[in-house]
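I have placed the structure first, in the form of structure tokens, so that the comments after it can refer back to it.
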Amino acid sequence: MALDPAFLDEIRARVPIASVIGRRTKLSRSGRNWKACCPFHGEKTPSFYVYDDHFHCFGCGAHGDVISFVMQAEGRSFPEAVEQLAGEAGLDMPRQDPRVEARAREAKSLGDVLEAVQAIWQRKLREREGREGLAYLHRRGLSDETIATFGLGWSGDGRGGLVEALRREDITPEQLVQAGLMRVDERGGIKGELFFSRVTFPIRDRRGRLVSFGGRTLGDGQPKYLNGPETALFSKRRNLFNLDRARQAVREPGQELLVVEGYMDVIALHQAGFRAAVAPLGTALGSEQIEMLWQVAPQPVLCLDGDAAGSRAALRAAETALPLLGAEKTLRFCRLDSQDDPDSLVRREGPGAMARVLAGASSLADELFGLLTSGMQNPSPEQRAALRARLEAAAGMIADRNLAAEYRRTLLDRFFGMFRRGGAPRGRKAPDHGPVAARGALTNGAAERLRLMTAILLAHPEHIPEVEQAYAGLELPPDLDDLREAMLDWLGDQPPEAVLVADDLMVWMERRQLDERARALLTGRLPRVPSAGGADVLLEAGALQRWWEAYGLVNFPAFRQAVLEDTQRALEDRTLEAFPEGLNARLRAMDRLNRAEAPDDDD
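Residue numbering for the sequence shown follows our numbering, starting at 560 and increasing by one per position.
If you want it as structure tokens, here you go:
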């Protein structure tokens, strides 16, 4: 059965080879790769190495990709191995189609056509008619070595010279059409060469096979940059410029996988020592391309211009990546000044300037929050509600539910920090203090303690600023979440000098039509905590300590760890004459919980 090479490449891209091999033998990290004792011959010292797209044993010489590993390790035929891996990749096996074999032969012949064209264009760059193109590349700071490394060329004037030169090699104009190198009219008639008077950039797939070209005009012609059309060999959404070299370079110490906007950025960075840079091909970064990046490195860095277009590109990339994120698959972002791109920066200031930009790369969560809050100054309650909805929707796009919960907590921590009275500057991350929030499915006992925590804050809103960050990160049931949102909105609406009292908070609840729900919570039966004994848990004295005790009962390990870390920081702070009262309350709460017999979650 003949299988389309593109289908096999899709399997290799979707099924990580390390995950397949790791099911049969124990892998351990070796730099960016993996090593193990070879599953094909007995050995005690690992000589079997797993890279992003193949394995190799330096002991017995076993070598291959994910498909050949399944064949060798499980004794399967080629079709059987492909069918198994297609199932893991979520792909349907293609039906037998005689056209597939014809396409495979066509792809092979198109590769030969493209290589013949590349030889001609690369030669022309060094001849008289290519002088303008070569001078342009030298003006852009490229050395002859770099020009040769990337195989840059000159397309000629487009007046039929390419057709004539290839005719001598028995390559027809029709083959050039199939290779995407000729323009055709609406009836399929050949109009002329696609690339003329352009510097040419060979585009290779992840395995280094030539699949298309890009070109840059030197005059006023439009478009300035031009990529070849979709062909049997070339798909823009399944390729990244320079991925073949970047896959090798990223294995070297100190090399990070970078995503930039254009050919010249990639080439200038390579010349400056950043050899693992890639670029999309004239389109926004797509989901398939992001998956391709993760096959090479778990945290690629997107280097984008600092202007409005760069912000739009960053937001599109973030939103495309969110549904695909995993615990070890994410993106980072670095932004240049609005007047710069990587090419201009390294030419003007050298590699050190680019290294400093990369050192300041931000996480996807930080970049997303900054993009969604950009330009927000003194927002109204309606605007804050809309922002919160956008942040929660962004977290909800993540398919990994544990990771989605972490994003929700992080984004909402930042959200409430923006509007904290006297807190961090708007739009910036507030200092991290307080315990890690509890997450996951709520047991009956945990749900009751969340009710108690909310009731204490309704009765004693003066304590909201102290516990705000921890409270904001909790997963609450909808009825409590509405009350929390109203409380935190009320807090953000208060001037820094305001005295926070329960009566004012209840007026705010009335405006939100939540006053009946709040009063029902305050007058209902609430659970006990160790320090309350038989007294009313809503008494003013010790209310803050009781809140932290309830929190600790929901998630004691995280609470204890955070209190210990904050205590250590306070001890190291020579400017403090005494522990802050909030930390004292948490220490008293932790002491009570340590001495008390903590109730089961279901009591």
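The beta-carbon is built from N, C-alpha and C at its ideal position, and this holds for glycine as well.
Note that the stretch 876–883 does not touch the stretch 899–914; fewer than 3 beta-carbon pairs, one per stretch, sit closer than 8 Å. Annotation for F566: P653 place their beta carbon closer than 7 Å to its own, counting only its chain and skipping 5 residues before and after. Proximity of the stretch 737–748 to the stretch 866–874 falls short of the contact definition, fewer than three beta-carbon pairs being nearer than 8 Å. The C-beta separation of R834 from A808 comes to about 4 Å, placing the pair in contact by the 8 Å criterion. With respect to the 8 Å criterion, L817 and V855 are not classified as neighbours on the basis of their beta carbons. Taking 8 Å as the upper bound for CB-CB distance, P1086 and E1007 are in contact here, some 4 Å apart. Taken atom to atom, the span from the alpha-carbon of L828 to that of G670 is near 28 Å. Three or more Cβ pairs closer than 8 Å define a contact, and the stretch 692–704 falls short of that threshold against the stretch 618–636. Residue pairing for H615: DSSP places it in a beta bridge opposite Y608 and H622. Nearest neighbour of C596 by Cα position, chosen from D803, S606 and S794, turns out to be S606.
For the 8 Å CB-CB criterion, M977 and T1013 do not form a contact. Less than 8 Å separates the beta-carbon of N801 from that of A836.
Cβ neighbours of S897 within its own chain (closer than 7 Å, five residues either side excluded): D864, G865 and D866. The continuous stretches of alpha helix (DSSP H) do not include I749, which lies in the beta strand (DSSP E) extending over residues I749 to E752.
If you draw a straight line from the Cα of V676 to the Cα of E569, it is about 27 Å long. Per the C-alpha coordinates, the member of P598, S627 and I626 positioned closest to C616 is P598.
Between the beta-carbon of L1039 and that of R1010 there is about 7 Å, and that keeps the pair under the 8 Å contact cut. With 16 or more other CB atoms across the displayed protein chains lying within 10 angstroms of its CB, C893 is buried. At a Cβ-Cβ threshold of 8 Å, L840 and G929 do not count as neighbours.
A contact between stretches requires three or more CB pairs, one per stretch, nearer than 8 Å, and the stretch 714–725 fails this requirement with the stretch 638–648. Secondary structure at R871: helix, using DSSP grouped into helix, strand and coil. By the criterion of a C-beta distance shorter than 8 Å, D803 is surrounded in its chain by R763, D764, R765, R766 and G767, once the five residues flanking it on both sides are discounted.
Distance from the CA of G955 to the CA of Y966, rounded to the nearest whole angstrom, comes to 9 Å.
Judged by DSSP secondary structure, I762 falls within the beta strand (DSSP E) whose first and last residues are R757 to R763. For T776, the enclosing beta strand (DSSP E) has its first and last residue at L769 to T776.
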